[in-house]
Structures are given as C-alpha cells and as structure tokens.
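J.:
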Amino acid sequence: MQGRSRDQRDLFDAESMAGELLEPGSVFAFLAEQRLALFPEEMFADLFRSARGRPSVPADVVATVLVLQALHGLSDREATEAVTFDLRWKAACGLGVQVPAFHPTTLTYWRRRLAQSERPNRIFEAVNAVVLETGVLRGKNRRALDSTVLEDAVATQDTVTQLIAAIRRVAREVSGGKELVAAHCTRHDYSSPGKPRIAWDDPGARDELVSALVSDALALLDHIDVEGLDEGEAQVVALLAVVAGQDVEPAEEVAMFEGNKAETKTLIPVIEQFKTRHGIDELVVVADAGMLSADNLNGLEDAGCRFIVASRQSHVPYDLGDHFERHGNYTPDDSTIETTREMGTGRQRRTRRVVYHYSFKRHKRDDKTINAQVIKAEKVAAGLRPVARDRFVKVTNDADGKKAEVNWDVIERARFCAGFKGYVTNIGPDMMDGAAVVAAYRDLWHVEESFRMAKGDLQARPIFHRKREPIEAHLTIVFAALAVSRHLQDQTGVTIKRLVQTLRPLRTVTITITGQPIQAQPRLTTEAEAILAKIPR
C-alpha cells in the first residue's frame with residue numbers, strides 16, 4: 218500500500234523553521250519547493266498495486282532521499298541518518314524536526330521495486346525535466362553536486378565526486394584508514410561528502426581542485442600497507458588507485474573534427490589549448506608529409522610552434538639537385554645533407570631548413586619499388602595494361618589519339634634520389650643537428666602504430682553512424698580502448714592481438730542455485746597467468 222504525505226504541516230516542520238536558511242538555487246531548496254510536484258502519488262501507483270497492507274513511506278519523501286543519496290554518494294544508513302539529523306534533508310523531505318527517519322532497508326526495498334518496473338529511472342527523469350525546463354539549479358558559482366547528476370539524468374559521479382567518495386570510503390572501510398586520511402589528505406575536508414564550493418565555470422579553479430584531490434589520493438596510497446589488507450579492504454584501495462590514476466583531463470578538452478576540415482583549423486586550436494592547459498611555452502610538432510604545405514607550416518610557426526615534417530620524394534627536389542651539382546652525389550650510409558628551400562608565394566614565402574637522410578637499406582627498397590613501377594609502365598606502353606595514373610607513364614596525343622609511353626626522364630630522377638628522405642623544419646642547427654632531427658621524426662612510428670590499431674583492431678571508422686553524437690561516443694570508446702591497450706602493452710610486453718586472444722576467454726560466471734549465488738572463476742592458462750602477473754594491481 219502506498220503511503221501519502223500529510224496535507225498539513227507539523228508544528229515543528231523543518232521547512233517552516235529553517236527553510237529561509239537553505240541556499241537559493243541549492244538542491245535542498247529546489248526539492249523543498251518542487252518535491253510534491255516532482256513526485257506525485259500517481260507517479261508510483263504501479264509499484265503498489267494492492268490497497269491492502271501497512272502504508273509505505275510517502276513516495277515524495279523516499280524519492281527525495283534517493284536523489285540526495287545519489288548526489289552525495291552516501292550509503293543507505295548514512296542517508297537515513299542525514300534525514301534524522303540534518304535540517305536541510307528534513308526541509309527537502311518536508312518532515313518535522315522531531316520526526317525520525319525510516320529504516321535503511323526501505324531504500325533497498327524501493328530500489329528493488331523501481332528496478333523491476335517498466336520505468337526504473339523515473340525519479341531522475343522527473344527531476345531532470347524540471348531542471349532543463351526551468352534552469353533552477355543553474356548559476357555561475359553553483360555547486361557541481363546540485364547539477365551534475367540531475368542534468369545528466371543518471372546517478373553517475375564526475376572526477377571530483379569520485380575522488381572524494383573513494384578517499385572517504387578508505388577512511389570508512391580500511392583499518393586505520395581514518396587516521397591515514399587525517400594525516401596525509403590535507404587539501405580538502407573529507408568529513409563532508411559533498412563537492413566543495415568553487416567557481417565551476419572557471420577551468421583553472423576546477424583543474425586546481427582536481428590536482429589537489431589527486432595529490433591527496435596518491436599520498437594516501439603511498440602510506441597504505443597493502444600487504445596487511447583483507448580482500449574487501451584491498452578492493453577499496455584498488456578502487457582509489459583506479460580513480461586516482463585515471464585521465465583527469467576535462468572532457469570538454471577532447472577535440473573531434475570533421476574529416477574535410479583543413480589541418481590548420483583543427484591542429485592549431487588543439488595545440489593552443491594544450492599549451493595553455495599545461496603551461497608549455499615551446500612545443501615541437503612532428504608530422505608526416507600530409508602536413509607539408511606552406512600554409513600549414515606558416516600556421517604552425519605563427520602559433521609559436523616548432524615543427525619537423527616529412528618531405529615528399531616523388532622527384533628530385535631542386536635544393537637537393539643543387540647540392541649534388543656543387544658537391545657530387547656520393548653520400549655515406551646513415552648520413553645527412555642540409556639545404557634550404559623557399560616555400561610559399563608572395564608574403565607567405567619563407568625559407569625553410571631541409572634535412573635529407575640517406576640510408577642504403579632505404580635505397581635498396583626504393584630501387585625495388587621503382588623497378589616494379591617500371592614494369593607496370595612498360596606493360597601500359599605495350600598495351601598489355603589499361604592506361605592509368607601510373608607514376609612512370611607519359612600520355613601524349615597524336616593523330617591516332619592518346620598514346621602511352623614510358624617516361625624515362627622521371628625514372629632517372631627517381632633513381633637519383635633513391636635512399637633519401639627529407640625533413641622540413643624551422644628548428645635551427647644550433648638547437649638540433651641533422652641527426653637529432655631524423656631521430657625525432659623516427660619516434661613518429663609510435664603514433665602511426667596507434668592509428669593502425671585504432672583503425673584496424675579497434676575499428677575506429679564510424680561507418681555505421683551518421684549523427685554527431687553517436688560518432689563522438691564511438692570515437693570516445695575507441696580512444697579509451699586504445700589508451701587501455703597501450704597501457705597493457707607497455708606493462709606486459711605482449712602484443713594487443715595476443716592479449717585479446719589470451720584473456721578474452723577468461724570469464725567469471727555467477728550461477729544461482731536454489732537462490733544462492735555462486736561465482737565460478739575461470740581456469741587460467743600458463744600464458745594468461747604470466748600476462749596477469751605483469752599487470753600491477
């Protein structure tokens with residue numbers, strides 16, 4: 218049977234006595250004012266179909282407590298104690314000062330009924346609808362707990378709440394944890410479960426708070442004796458380690474752009490944000506030949522960035538040809554040649570330093586590629602292959618129509634620069650010599666490998682999505698998986714493919730027999746045990 222709130226207030230009603238003390242725009246004031254409209258009796262009628270039995274706690278009271286409990290990250294017992302002793306909670310619930318709270322199991326009972334219903338999230342959906350319509354909880358200096366969960370319509374916590382809740386849980390559930398928190402976590406008052414009041418619209422203030430909380434969490438982890446923990450305490454500490462070790466970059470700093478946007482309109486704004494956020498004055502951008510254009514390089518330089526960009530080698534660059542004319546074309550293996558090149562036109566024309574690296578191994582590979590392309594060109598000229606945009610095919614028009622022939626001049630120039638790879642940079646030789654420029658570019662393979670993993674193993678291309686939000690969600694999942702994959706690869710020294718093949722079959726299964734849940738653990742292979750032993754816990 219569903220309980221009902223009394224129409225008349227008690228003599229010592231908390232809202233009447235202390236309602237004016239509630240902070241305007243706070244969640245307590247919001248629920249005190251909107252509670253009955255948000256949670257009418259008929260909203261929960263399907264949970265109590267029978268009219269018989271002892272009346273339950275009024276629906277609006279329980280719904281209010283569930284909202285406050287989710288926002289503050291409290292246990293059922295802590296939530297009911299707050300209803301008993303905290304005037305703000307009493308005012309939000311419309312209870313009298315002397316009215317005791319209900320038993321903690323009532324919250325468990327309600328959550329079970331809601332979970333089994335057709336609308337398990339109805340409470341937060343109702344709150345969210347009013348918040349979005351009225352903006353009642355919005356404000357420049359609002360507390361994040363007053364809007365984060367409600368505006369997202371889910372009971373999830375952001376980084377700040379996670380960190381505070383994890384540290385509080387260590388103090389509550391780990392032996393000696395309370396003393397450790399008091400001694401080593403000094404940057405925030407962890408006796409209060411709510412978020413601190415700061416200017417949440419100020420990114421600097423938020424970043425400073427997150428940094429302080431992470432520092433406290435790491436200091437706490439350093440002083441916990443993990444060897445002396447039981448299984449439950451170890452899980453609590455492990456959760457703190459996960460939360461403290463997560464990427465705490467603000468989510469709004471993740472940038473995604475359409476593929477048809479120019480690099481200068483995507484790369485440079487992201488670089489500027491990165492430099493500002495981390496206080497970096499100088500930054501070197503290393504990129505492949507796709508970035509090699511005068512506009513892109515000028516944009517990077519104007520933004521205060523240094524760069525190392527690969528140069529295309531489809532034909533002999535004039536600057537390399539001039540060098541050969543003056544000095545000859547003999548080049549020792551693994552040596553560098555330096556020249557300058559004019560790039561751009563008009564006012565955008567600038568002189569760039571170019572470093573060429575010669576490798577005998579690359580020379581053999583280039584010769585093999587050139588020979589294969591020459592064979593294709595000869596087949597086109599002989600009419601054995603259709604005319605295509607082959608590198609060494611020259612198409613001319615005569616009286617008989619189009620005629621394809623082998624372009625031996627281009628072949629000769631290609632062989633001339635075989636083994637060379639160029640790098641355009643605005644870093645002076647006094648800061649980085651040619652060998653250092655080449656070495657810096659060679660580190661780019663780590664990024665390229667990640668792209669191959671993202672596009673191949675993780676299927677990053679959102680080919681089945683059309684709208685922006687699903688695409689962004691897809692890419693977020695992909696790059697989160699990429700970060701986890703790279704971390705596991707670095708920790709274990711095992712390829713991602715081998716990790717997946719070895720660990721994917723390992724599943725923990727929960728079986729219920731006569732109402733008793735039994736957890737079946739997987740059997741670990743020797744290879745799986747070796748991999749898991751290398752992953753820190």
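Counting in the working numbering, the sequence shown runs from 218 upward without gaps. For each residue, glycine too, the CB sits at the ideal point set by N, CA and C.
1. Should aspartate 447 go down as buried or exposed, given a rule of 16 or more other Cβ atoms within 10 Å for buried?
2. Compare the C-alpha of glutamine 708 against each of Val398, Lys751, Ala605, Arg740 and name the closest.
3. Using a Cβ distance threshold of 8 Å, determine whether the stretch 571-587 contacts the stretch 632-641, with at least three qualifying pairs required.
4. If you draw a straight line from the alpha carbon of proline 646 to that of leucine 741, how long is it in whole angstroms?
5. Ordered along the chain, which non-local residues of its own chain (more than five positions away) have a Cβ less than 7 Å from that of valine 711?
6. Going straight from the alpha carbon of glutamine 590 to that of threonine 493, what length do you get?
7. Can you tell me which residues form a DSSP beta bridge with aspartate 615?
8. Which of helix, strand or coil does DSSP assign to glutamine 733?
9. Taking 7 Å as the cut-off, is the beta-carbon of threonine 323 closer than that to any non-hydrogen atom of the ligand GDP?
10. Between alanine 786 and phenylalanine 256, what straight-line distance do the alpha-carbon atoms span, to the nearest angstrom?
11. Taking just the CA atoms, how far does tryptophan 327 sit from valine 460?
12. Specify, as a first and last residue, the run of the alpha helix (DSSP H) that alanine 656 falls within.
13. Under a three-way DSSP split, which group does glutamate 469 fall into?
14. In chain order, what residues of the same chain lie with their CB nearer than 6 Å to the CB of threonine 323, ignoring the 5 residues before and after it?
15. Out of curiosity, what's the CA-to-CA distance linking lysine 593 and leucine 705?
16. With a threshold of 6 Å on Cβ separation, who are the neighbours of threonine 556 within its own chain once the five nearest residues in sequence on each side are excluded?
17. Taking 8 Å as the cut-off, decide whether the C-beta atoms of alanine 737 and isoleucine 730 are in contact.
18. Alanine 504: which of Pro337, Val641, Val726 sits nearest, CA to CA?
19. Thinking arginine 252 and aspartate 293 are a contact (beta carbons under 8 Å), I'd like their distance in whole angstroms, please.
20. For alanine 451, I'd like the list of residues in its chain whose CB is within less than 8 Å of its CB, leaving aside the five on either flank, ordered along the chain.
21. If isoleucine 404 and leucine 430 are in contact, beta carbons under 8 Å, what's the gap, nearest whole angstrom?
22. In terms of residues, what are the limits of the alpha helix (DSSP H) holding histidine 401?
23. Measure how close the beta-carbons of alanine 249 and alanine 309 come, nearest whole angstrom, since I'm counting them as under 8 Å.
24. Please work out which residues of its chain come closer than 8 Å, Cβ to Cβ, to glycine 545, disregarding the five sequence neighbours upstream and downstream, and give them in chain order.
25. Could you have a look at histidine 704 and say whether DSSP puts it in helix, strand or coil?
26. Under 6 Å Cβ to Cβ from threonine 548, same chain only, skipping five residues before and after it: list those, please.
27. Can you list, in chain order, the residues of its chain whose CB lies under 8 Å from that of alanine 745, leaving out five sequence neighbours each side?
28. Short check: CB of leucine 291 to CB of isoleucine 384, under 8 Å?
29. Taking DSSP as the reference, what is the three-state secondary structure of glutamate 559?
30. Please go through the same chain and pick out, in chain order, the residues whose beta-carbon is closer than 6 Å to the beta-carbon of glutamate 622, but skip the five residues on each side of it.
31. When you compare each of Ala527, Asn624, Thr378 to tryptophan 662 by their alpha carbons, which one comes out closest?
32. Rounding to the nearest angstrom, what Cα-Cα distance links glutamate 342 and lysine 307 in this structure?
33. At the level of alpha carbons, what is the spacing between glutamate 689 and threonine 483?
34. So for serine 408, helix, strand or coil by DSSP?
35. Residue range of the alpha helix (DSSP H) that phenylalanine 245 falls in?
36. Quick one, are the C-beta atoms of methionine 260 and arginine 329 less than 8 Å apart?
T.: Looking at the coordinates:
1. exposed
2. Lys751
3. yes
4. 55 Å
5. Ile748
6. 48 Å
7. Gly618
8. strand
9. Absence of the ligand GDP from the depicted structure is noted, as is the absence of any ligand whatsoever, leaving it without description.
10. Because the chain in this structure spans residues 218 to 754, residue 786 falls outside the shown range and cannot be described.
11. 29 Å
12. 651-659
13. Residue confidence is low: glutamate 469 scores 49 on pLDDT, short of 50, so the model does not pin down where it sits. Its coordinate-derived value is still stated next. Helix, per DSSP.
14. Val274
15. 44 Å
16. Asp536, His540, Val571
17. no
18. Val641
19. With 8 Å as the limit, arginine 252 and aspartate 293 do not qualify as a contact, their Cβ atoms being about 20 Å apart.
20. Val443
21. The sequence as given places arginine at residue 404; isoleucine does not occur at that position. Between leucine 430 and arginine 404 the Cβ distance is about 7 Å, and since that is below 8 Å, they are a contact.
22. 394-401
23. 5 Å
24. none
25. helix
26. Tyr575
27. Thr719, Leu720, Leu723
28. no
29. strand
30. Ala598, Lys611
31. Ala527
32. 23 Å
33. 16 Å
34. coil
35. 244-255
36. no
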